[in-house]
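Going down the list, the sequences are from chains A and B. Numbered according to full-length UniProt numbering, the first sequence terminates at residue 472, and the numbering increases by one at each position without gaps. Numbered according to full-length UniProt numbering, the second sequence terminates at residue 472, and the numbering increases by one at each position without gaps. We put the beta carbon where it would ideally sit given N, CA and C, even for glycine. Take a look at the structure below.
There are 2 protein chains.
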Amino acid sequence: MTLNPCDTAFIDHLHGLIGPRAFREVAPRYLEEPRGTWSGVAGAVVAPADVTEVSAVMQAANAARVGIVPYGGGTGLVGGQIMPDGPAPLLLSLERMTAVRRVDPAENVAVVEAGVILEDIHRAAEAAHRLFPLSLAAKGSARIGGNLATNAGGVNVLRYGNARDLCLGLEVVLADGRIWNGLTRLRKDNTGYDLRNLMIGSEGTLGVITAAALKLFPIPAGQGTALAVVPSPRAALDLLSLARDHVGEAVSAFELMSGEGLRFLEETLPQIRRPFDPAPDWLVLIDLGLPSGLDPSAAFEAIFEQTFERDLVSDALIAQNTAQAAEFWEVREQIPEANRLIGSVSSHDISLPLSNVPDYISRASEVIADMGPFRINCFGHLGDGNLHFNVFPPKGAPVAEWRGHTKAVKQALHDLVHEMEGSVSAEHGIGRLKTDDLERYAQPVKLEMMRAVKAALDPAGILNPGAVLKGG
Amino acid sequence: MTLNPCDTAFIDHLHGLIGPRAFREVAPRYLEEPRGTWSGVAGAVVAPADVTEVSAVMQAANAARVGIVPYGGGTGLVGGQIMPDGPAPLLLSLERMTAVRRVDPAENVAVVEAGVILEDIHRAAEAAHRLFPLSLAAKGSARIGGNLATNAGGVNVLRYGNARDLCLGLEVVLADGRIWNGLTRLRKDNTGYDLRNLMIGSEGTLGVITAAALKLFPIPAGQGTALAVVPSPRAALDLLSLARDHVGEAVSAFELMSGEGLRFLEETLPQIRRPFDPAPDWLVLIDLGLPSGLDPSAAFEAIFEQTFERDLVSDALIAQNTAQAAEFWEVREQIPEANRLIGSVSSHDISLPLSNVPDYISRASEVIADMGPFRINCFGHLGDGNLHFNVFPPKGAPVAEWRGHTKAVKQALHDLVHEMEGSVSAEHGIGRLKTDDLERYAQPVKLEMMRAVKAALDPAGILNPGAVLKGG
């Protein structure tokens, strides 16, 4: 099915349907993505005021066969919000739909519009003495509609789950403008198919999320952060297991960093305080969130006492206050910035069954060593089996000279992930960057089911064309 | 589309496709359901040995346009496993697929075939010092495939979620026999649409689940159980809120019982020990599962100290050992049996936004009082907003004389649920019992989306015909 461009005739038509304030300049920020790799096209940018305007826009686009690219905060890393070519689409931004409609601490529920910035939800929850645990580096600009559309992950997945697990209900506008009001606040509802989760993670290809009911949580009474030097990723996993035996789900984050990552920080962001000098080979950052009656420092000490005995941890620092905890987190959170400054040959967002992670790291490191004198920065959400296994040129070498290796490096690492029962997109989604990977690695039956569902819900194929499914 | 009956010609055809051991007598137990309200029809019963045989059966049924009724433990309460009339379907039982393929305590994962009995999964997990938290009254006969197909709830949803939340991956046979191997053990996987959750809760109408990868959890170091007398459901909710402020997610069960329910027990099962005599108006059963370092009795005492001060709790018992905890649970778990012995005019499995629960209970009680001298036993998973609000004849009156009121009672209660933003099926599903309710209360757009998905994945309509979607 060929789509039509969003041309002046169509834009004129839209002017008759929605208020003049919805029309936005097609500014560069709508057409660029965070890593600056691609740029997109758009015939127009509209930012509807409410779900009725979204519905009117979609109905018109569906009738005219004009592609729609839904747009949240623009922080996605796989090009889901960027259409690089083809008939110019209409970019539909949720940026004006920013109402926090309800924060109910007794129900542990917040109801928000899709355009609310993630960090604003954190603030609204905190004001009601509650926690909304979805958190990621782009929290200051990512919008919740995009977080849900991509099933975002982040640093608290171990304890609280992905975006999917934090959502109770959705309001969605379908391709043809019909509004599905699934904005329930229920914890249990078995009345029919799980359309909510079908929309979550569909990256704007099955519908446009316009509002969501989200789960809130009690703020853990005692919070603590520690850094632990471990001899290997396997030791890190044993440490995780031991920590969970002690405090159960109270382990809220368990992040792995490598010596190379720490050296990247020294090289590019020397102002960041080094917790250990020289940098150890492997470092783990642990967050605990404990019920009242348990002291985080005491819990960490009890855990580390056992791990020292078993040679799982050779050194550890327990944050003595929130400033120090923030300092520890700064190390973890600035690694992506250090990577950006150095420039990667290829970045990967992969996941593996937990027990395969150590083998993957050693086998993948060998594979890359055989391909050239690359540097590897392997870090990530170890507790979830989610690694960012990123490959960089030799020290001092300009990345441009090594970009010719990008494709081969990516394929070698993804092939190994696939062989070891992992996923080539753990938390970032498929977008347009990984449609080839999806076709390469997904079981054909899965692709057939996805295409059948896409055809059923967006028969004209106007929703985020070319994202997730190639030519779909 | 008209389906063909599962006749001798088709059965003969099946004999050429799968081993002779798969064929079962069409015994009454396959055609009855736990409450004994309906009975079903079936042309044959087959119990395939493995996924290949399931695939062969489905491919044949799809080609011959013969309906398939997937069958787990037969414990469903909404007729999802019972086809009362129409062309005799083939009943496809998973009872022979009972392998626990893997229990991995380091990964916190179990991989099981669909026919494994829920309680056997509990045992396998416990043997590896892990917890599989899905638990419900029928755990001794319910099979995990059915639990997943119906997105079962139960007593630990508050802390651990529904069946949906406990599943990482599925193997599913589609209507036409294609096998989707989505049996991943990954915690994070954003490669395409959420087909897993589409299958979970679809009650066998979109595919047949043949195996699943399940989440396991650390066994909480300290477990405790208490009973608390509360003046009202609202006070019970305040108690829940206060308990969660203290111990966070460590509240693993929070069950409401009414004085009427306790009197039902006295009437029908007098051997059950009465925790309070006379029966209080409202009673709450609380389970805590705490990290090491926290004593459950001390935590309960800290909580009750505050609730006594605030008049939220007038009396409480903290179990002093596991035998006493089991005794407390016996009270809760025998209420459905007492209900069965008395005989209900109408039973309901409803959920509401948590803050609407107290108002619902009082308004619904008034509605029923206006309809006649009924007795109400309202109990359930209060922490999830899930009530079993069941209506009984006056004391001593035979239920048969009051069955004429069933329809009106049900509709009045369901209408009120709908008005108050709740669900008429919280944890049991739609099956065939509630297809009319679904049509009455669901937004038409939702039904349209469901029908589109059904047509996309089961175009011939052979999968569990008439369940979930009427005529679908």
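Three-state secondary structure assigned by DSSP to residue i
i	result
N190(A)	coil
Q443(A)	coil
F254(B)	strand
N4(A)	strand
S347(A)	coil
S423(B)	strand
G259(A)	helix
R274(B)	coil
L290(B)	strand
G224(B)	strand
P218(A)	strand
S39(B)	strand
R102(A)	strand
A127(A)	helix
G76(B)	coil
F264(A)	helix
I430(A)	coil
V45(A)	strand
Distance, residue j Cα to residue i Cα
i	j	result
T2(B)	G461(B)	9 angstroms
L262(A)	S252(B)	40 angstroms
F264(A)	P398(A)	15 angstroms
A299(A)	N197(A)	36 angstroms
P373(B)	G192(A)	34 angstroms
A369(A)	D165(B)	40 angstroms
A323(A)	T225(A)	11 angstroms
L354(B)	L134(B)	21 angstroms
L413(A)	H246(B)	46 angstroms
A302(B)	A456(A)	55 angstroms
I335(B)	D50(B)	38 angstroms
A426(B)	F379(B)	13 angstroms
G289(A)	D238(A)	20 angstroms
E95(A)	V45(A)	11 angstroms
E25(B)	E171(B)	27 angstroms
CB contact flag (residue i, residue j, <7 angstroms)
i	j	result
A110(A)	V103(A)	yes
A22(B)	P48(B)	yes
Y360(A)	M450(A)	no
T210(A)	V54(A)	yes
F328(A)	L285(A)	yes
L91(A)	A42(A)	yes
D7(B)	S423(A)	no
A56(A)	L17(A)	yes
V445(B)	R178(A)	yes
V69(A)	M83(A)	yes
G207(B)	L242(B)	no
M257(B)	L283(B)	yes
Host alpha helix (DSSP H) of residue i (start-end)
i	result
S55(A)	51–64
L81(B)	Looking at the sequence itself, residue 81(B) is Gln, so the reference to Leu does not match. First-last for Q81(B): undefined, no H or E at that position.
A299(A)	296–309
R332(B)	322–342
V468(A)	Counting along the chain, V468(A) falls outside any alpha helix (DSSP H), and DSSP gives it neither H nor E.
Run of the beta strand (DSSP E) containing residue i, from where it starts to where it stops
i	result
L91(A)	90–93
P70(A)	68–71
V208(B)	208–215
R375(B)	375–381
D165(A)	That residue, D165(A), is in no beta strand (DSSP E); it is neither H nor E in DSSP.
Within chain D, the residues that residue i reaches when beta carbons sit closer than 9 angstroms
i	result
G154(B)	Judged by its chain identifiers, the structure shown contains no chain D, and its protein chains are A and B.
Residues of the region 338–370 of chain A in Cβ contact with chain B at a cutoff of 8 angstroms, in chain order, please.
Result list: S351, L352, P353, L354, S355.
Which residues, in order along the region 373–396 of chain A, keep a beta-carbon less than 7 angstroms from a beta-carbon of chain B?
D384, G385, N386
Select from the region 400–418 of chain A all residues with a C-beta closer than 9 angstroms to any C-beta belonging to chain B, and list them in chain order.
Taking 9 angstroms as the cut-off between beta carbons, none of the residues of the region 400–418 of chain A comes near chain B.
Can you list, in chain order, the residues of the region 189–218 of chain A whose Cβ is nearer than 7 angstroms to any Cβ on chain B?
D189, N190, T191, G192, Y193, D194, L195, N197, L198, I200, G201, S202, P218
When you check each C-beta in the region 218–239 of chain A against every C-beta of chain B, which residues fall closer than 9 angstroms?
So the close ones are P218, I219, P220, A221, L237, D238.
Along the region 47–74 of chain A, where does the CB come closer than 7 angstroms to a CB of chain B? Name the residues.
none
Along the region 246–279 of chain B, where does the CB come closer than 8 angstroms to a CB of chain A? Name the residues.
H246, V247, G248, E249, A250
For the region 278–306 of chain A, enumerate the residues whose C-beta is nearer than 8 angstroms to any C-beta of chain B, in chain order.
G289, L290, P291, S292, G293, L294, A298, A299, A302
When Cβ atoms are compared, which residues of the region 418–430 of chain A fall closer than 8 angstroms to chain B?
Of all residues in the region 418–430 of chain A, those with a C-beta nearer than 8 angstroms to a C-beta of chain B are E421, G422, S423, V424, S425, A426, E427, H428, G429, I430, reading in chain order.
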